[in-house]
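Each protein sequence line maps, in turn, to chains S and Z.
Taking my numbering, the leading residue of the first sequence gets 316, the next gets one more, and so forth.
Taking my numbering, the leading residue of the second sequence gets 4, the next gets one more, and so forth.
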Amino acid sequence: MTDSMPTTPEAVRKRAASADARRRRQARPLSRQWRKRGLMAAYIVFVLLPIYWLLNMSFQSNTEILGGLTLWPEDFTLEHYAKIFTDSSWYMGYVNSITYVVMNMAISIAVALPAAYAFSRYQFIGDKHLFFWLLTNLMAPPAVFLLPYFQLYYTVGLFDTHIAVALAHCLFNIPLAVWILEGFMSGVPKEIDETAFIDGYSFPKFFVRIFIPMISSGIGVTLFFLFMFSWVELLLASTLTATNAQPIASVMTQTKGASGIDWGALAAAGTLTILPGIVVVYFVRNHIAKGFALGRT
Amino acid sequence: MTKVRNNRAWWLILPMLLLVAFSAIIPLMTVVNYSVQDVFDANTRFFTGTEWFKEMLNDPALQAAVLRQFAFSLTVLAIEVPLGIGIALIMPKKGWQASAVLILVTMPLLIPWNVVGSIWQIFTRGDIGLMGWSLRELGYGYNITASPVDAWATIILMDVWHWTPLIALLCYSGLRSIPDAYYQAARIDRASKWAVFRYIQLPKLTNVLVIGVLLRFMHSFMIYAEPFVLTGGGPGSSTTFLSQSLTTMAIGQQDLGPSAAFSLIYFLIILLVSWVFYTAIMNMQKDKQDGEA
Chain S
316 MTDSMPTTPE
326 AVRKRAASAD
336 ARRRRQARPL
346 SRQWRKRGLM
356 AAYIVFVLLP
366 IYWLLNMSFQ
376 SNTEILGGLT
386 LWPEDFTLEH
396 YAKIFTDSSW
406 YMGYVNSITY
416 VVMNMAISIA
426 VALPAAYAFS
436 RYQFIGDKHL
446 FFWLLTNLMA
456 PPAVFLLPYF
466 QLYYTVGLFD
476 THIAVALAHC
486 LFNIPLAVWI
496 LEGFMSGVPK
506 EIDETAFIDG
516 YSFPKFFVRI
526 FIPMISSGIG
536 VTLFFLFMFS
546 WVELLLASTL
556 TATNAQPIAS
566 VMTQTKGASG
576 IDWGALAAAG
586 TLTILPGIVV
596 VYFVRNHIAK
606 GFALGRT
Chain Z
4 MTKVRNNRAW
14 WLILPMLLLV
24 AFSAIIPLMT
34 VVNYSVQDVF
44 DANTRFFTGT
54 EWFKEMLNDP
64 ALQAAVLRQF
74 AFSLTVLAIE
84 VPLGIGIALI
94 MPKKGWQASA
104 VLILVTMPLL
114 IPWNVVGSIW
124 QIFTRGDIGL
134 MGWSLRELGY
144 GYNITASPVD
154 AWATIILMDV
164 WHWTPLIALL
174 CYSGLRSIPD
184 AYYQAARIDR
194 ASKWAVFRYI
204 QLPKLTNVLV
214 IGVLLRFMHS
224 FMIYAEPFVL
234 TGGGPGSSTT
244 FLSQSLTTMA
254 IGQQDLGPSA
264 AFSLIYFLII
274 LLVSWVFYTA
284 IMNMQKDKQD
294 GEA
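Listed below in structure tokens is the structure:
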């Protein structure tokens, strides 16, 4: 008999799934699927249109930009990109930004991992208050801290260094990292810790060898958010730097020359600030698609 | 999860605490210090008590800025949260399309905030911007430097463009963490689409939505770079939000005392709203759990 009943649970499930898929294909009208795709496409067009306009302008010469509206670069030029990659005041902006973002990510994750572990596993005096206090730092508007930061970092001699910006961004990035990591860690059963300790693992060895690999996707998601909030912040970064550690975003604000704004260079520089973000999302896309439920429950 | 009582856990917290304290407590104390003094120069200062606070609370320009700020934050939340959930629901779930859509949708989040301002400045200019030019060709006298309505609409559109992806991203990953069995059970019960959303997806999204809404509220309340680049706070002061009023006062005019008092009021407003929201949601969840138990 070829059409025998399935015997293993695997086979049963597979058969049910295929039957189910067939039924769904028949049941759901095609038009609805297309409506869904249409809406998605419309939203993506909405997202991409302003970015396309930036890209378009970055390939046009300044005379073409100001000469009239063209939907695509008719006089295709790379002069603005060439300018950015040859002028050190431009490209050092990118180097500076990436330097302090990476520093901030390293510092934040290094101190947030043990702290999040403590919050997820132990009860201790003042834990709830401490957690809420941490979150309040997330809510502090950078504008509030502008002046005191400037004075503080100036006094301790860190003004205009990468580490100053990295430390300043810790203000909101460490609480965020603790918040996200704590959620992931609480999802790991405590029995794992206990078994490891019975097996004779010391705490540091357990933490590095067993625990961190188990929450690797949580760390990936956390790093994504750390990158995001440090990369996009401008107010603190530009206040705490002058020339040596100036972020690209604040270099861009100085494109106003004698002859008005250099639109082409502005557009090219803007386009280049989008690229690191795309690289980062590309690396964490699977962690995000896998699904995570943030937050304390 | 039951937690072990262990005060030695403080050692794990300590490095983080020192770092955050360095960047939070010292500056905050400086602000508090300024807010009760009148500073002339490094050596001359007078204690003023609550005078600055009174002055700030009675300043009509700042009151207007606070109202504007609330109007802005509530508007963008009201648009972005439902839209974000909607996007998350229609995002493809498998294959290369899922990755591609994820990357495209996330893009606006990873653009530096003043670049977002620049992008929209370029996009909406009447002479060289696609949107500004198109609207004018269609016969609408679009002008963000003269019309407050246009400026507001553009800033809200920009914020929706910029931040809806955050809600969508959080909801999407929240949705992906729902086991398939839930949907299968719903199909057996012949649950309608709406019922699936209301009783399976939405409850599972509560946590991510709390984080999303809190983050969105806080960030929209601190918005600075985007409107600053796009409209410069104008026309008049119609799009001057709190952060911008504050930086003008602190950096531009160097009024240390008043701006410090203003900072503290500003911070307290965010704290209060977030706390109320957080507690309300947590109580709601607790009630629900008690009800089920």
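Even glycine gets a Cβ: it sits at the ideal position worked out from N, Cα and C.
Source: prediction; values computed, not measured.
Cross-chain neighbours of residue i in chain Z, by beta carbon under 7 angstroms
{"i": "S:THR568", "result": "ASN117"}
{"i": "S:TYR406", "result": "Simply none; closest approach about 16 angstroms."}
{"i": "S:GLY585", "result": "VAL118, SER121 and ILE122"}
{"i": "S:ALA433", "result": "ALA12, LEU15 and ILE16"}
{"i": "S:LEU354", "result": "ILE93"}
Inter-residue spacing [alpha-carbon to alpha-carbon] between residue i and residue j
{"i": "Z:ALA101", "j": "Z:ILE28", "result": "43 angstroms"}
{"i": "Z:LEU208", "j": "Z:TRP197", "result": "15 angstroms"}
{"i": "Z:ALA64", "j": "Z:PHE265", "result": "12 angstroms"}
{"i": "Z:TRP32", "j": "S:PHE434", "result": "For clarity, residue 32 of chain Z is Met in the given sequence; the question names Trp instead. So the two alpha carbons sit approximately 27 angstroms from each other."}
{"i": "S:LEU369", "j": "Z:LEU138", "result": "18 angstroms"}
{"i": "Z:VAL211", "j": "Z:GLY98", "result": "24 angstroms"}
{"i": "Z:VAL199", "j": "Z:LEU218", "result": "27 angstroms"}
{"i": "S:ALA698", "j": "Z:MET285", "result": "Residue 698 of chain S cannot be examined here, being either before or after the span of chain S that is shown, 316 to 612."}
{"i": "Z:ILE273", "j": "Z:LEU70", "result": "13 angstroms"}
{"i": "S:HIS602", "j": "S:PHE540", "result": "12 angstroms"}
{"i": "Z:ILE226", "j": "S:THR323", "result": "58 angstroms"}
{"i": "S:PRO456", "j": "S:ALA552", "result": "14 angstroms"}
{"i": "Z:PHE224", "j": "Z:GLY215", "result": "14 angstroms"}
{"i": "S:GLY585", "j": "Z:LEU160", "result": "19 angstroms"}
{"i": "S:THR317", "j": "Z:ARG179", "result": "Note that S:THR317 has pLDDT 46, beneath the 50 cutoff, so the model's placement of it is unreliable and the number below is only indicative. Rounded to the nearest angstrom, the two C-alpha atoms are 37 angstroms apart."}
{"i": "Z:GLY120", "j": "S:ALA332", "result": "48 angstroms"}
{"i": "Z:TYR143", "j": "S:ALA492", "result": "46 angstroms"}
{"i": "Z:PHE270", "j": "Z:TRP55", "result": "16 angstroms"}
{"i": "Z:THR282", "j": "Z:VAL7", "result": "25 angstroms"}
{"i": "Z:ALA228", "j": "Z:VAL118", "result": "9 angstroms"}
{"i": "S:HIS477", "j": "S:ASN411", "result": "7 angstroms"}
{"i": "S:THR554", "j": "Z:ASP41", "result": "24 angstroms"}
{"i": "Z:LEU233", "j": "Z:ALA149", "result": "13 angstroms"}
{"i": "Z:ARG11", "j": "S:PRO429", "result": "12 angstroms"}
{"i": "S:SER376", "j": "S:VAL594", "result": "28 angstroms"}
{"i": "S:ALA560", "j": "Z:ALA188", "result": "57 angstroms"}
{"i": "Z:SER38", "j": "Z:LYS57", "result": "11 angstroms"}
{"i": "Z:THR157", "j": "Z:ILE147", "result": "8 angstroms"}
{"i": "S:ARG611", "j": "Z:ALA194", "result": "Confidence is the limiting factor: at S:ARG611 the pLDDT is only 47, short of 50, which leaves the residue's position unreliable, though a coordinate-based value still follows. Their Cα atoms are separated by approximately 29 angstroms."}
{"i": "Z:SER248", "j": "S:ASP335", "result": "59 angstroms"}
{"i": "Z:PRO238", "j": "S:LEU581", "result": "24 angstroms"}
{"i": "S:MET355", "j": "Z:ALA253", "result": "44 angstroms"}
{"i": "Z:ILE88", "j": "S:GLY502", "result": "24 angstroms"}
{"i": "Z:SER1", "j": "Z:PHE50", "result": "Absent from the model: residue 1 of chain Z. The displayed extent of chain Z is 4 to 296, so no value can be given."}
Listed by chain order, chain S residues near residue i by CB distance under 9 angstroms
{"i": "Z:ALA110", "result": "Here residue 110 of chain Z is Met; the residue named in the question, Ala, does not match the sequence. Residues of chain S passing the Cβ test: VAL362, LEU363, ILE366, ILE589, GLY592, ILE593 and VAL596."}
{"i": "Z:ASP227", "result": "What sits at residue 227 of chain Z in the sequence shown is Tyr, not Asp. Per Cβ cutoff of 9 angstroms: PRO456, PRO457, ALA458, LEU549 and LEU550."}
{"i": "Z:PRO18", "result": "ALA425, VAL426, PRO429 and ALA430"}
{"i": "Z:LEU107", "result": "ILE359, VAL362 and LEU363"}
{"i": "Z:PRO238", "result": "The premise fails here: Z:PRO238 is roughly 19 angstroms from chain S at the closest Cβ pair, so nothing lies under 9 angstroms."}
Identified DSSP bridge partners for residue i
{"i": "Z:VAL7", "result": "S:TYR437"}
Contacts of residue i in chain S (Cβ-Cβ under 8 angstroms)
{"i": "Z:TRP136", "result": "LEU384"}
{"i": "Z:PHE164", "result": "Note that residue 164 of chain Z is Trp in the sequence shown, not Phe. Simply PHE361, VAL362 and PRO365."}
Check: residue i C-beta below 7 angstroms from any heavy atom of the ligand GDP
{"i": "S:VAL362", "result": "In terms of ligand content, the structure shown is empty, and the ligand GDP therefore cannot be addressed."}
Chain-ordered neighbours of residue i on chain Z, where CB pairs are closer than 9 angstroms
{"i": "S:ASN559", "result": "Here the premise fails: no neighbours, minimum Cβ distance about 19 angstroms."}
Neighbouring residues, chain S, relative to residue i (Cβ below 7 angstroms)
{"i": "Z:ASN10", "result": "PHE439 and ILE440"}
Partners in chain Z for residue i, counting only beta-carbon separations shorter than 8 angstroms
{"i": "S:ILE380", "result": "ILE131"}
{"i": "S:MET543", "result": "LEU112 and LEU113"}
- Interface residues of the region 260-275 of chain Z facing chain S [CB-CB below 7 angstroms]: SER266, TYR269, PHE270, ILE273 and LEU274
- Length-filtered (4 minimum) alpha helix (DSSP H) runs lying within the region 194-236 of chain Z: 196-199, 205-224 and 228-233
- Complete beta strand (DSSP E) runs within the region 22-110 of chain Z (minimum length 3 residues, chain order): 40-42 and 48-50
- Pull out every residue of the region 463-491 of chain S whose Cβ sits closer than 8 angstroms to any Cβ of chain Z, in chain order. PRO463, TYR464, GLN466, LEU467, LEU482, ALA483, CYS485, LEU486, ILE489 and PRO490
- Item | Residues in the region 505-518 of chain S having any Cβ partner in chain Z nearer than 8 angstroms | LYS505
- Tell me the start and end of each unbroken alpha helix (DSSP H) in the region 459-542 of chain S that is at least 4 residues and wholly inside, in chain order. 477-501, 505-513 and 518-521
- Query: Residues in the region 70-88 of chain Z with C-beta within 9 angstroms of chain S's C-beta atoms, listed in sequence order?
  - Reply: LEU86
- Message: I'd like the ranges of any beta strand (DSSP E) spanning at least 3 consecutive residues and lying wholly in the region 325-404 of chain S.
- Response: none
- Task: Anything in the region 528-541 of chain S with a Cβ closer than 7 angstroms to a Cβ of chain Z? List those residues in chain order, please.
- Result: none
- What runs of the alpha helix (DSSP H), each 4 residues or longer, lie entirely inside the region 239-283 of chain Z? 245-250
- Item | Those runs of the alpha helix (DSSP H) which lie wholly inside the region 108-186 of chain Z and span at least 4 residues | 116-127, 133-140 and 151-179
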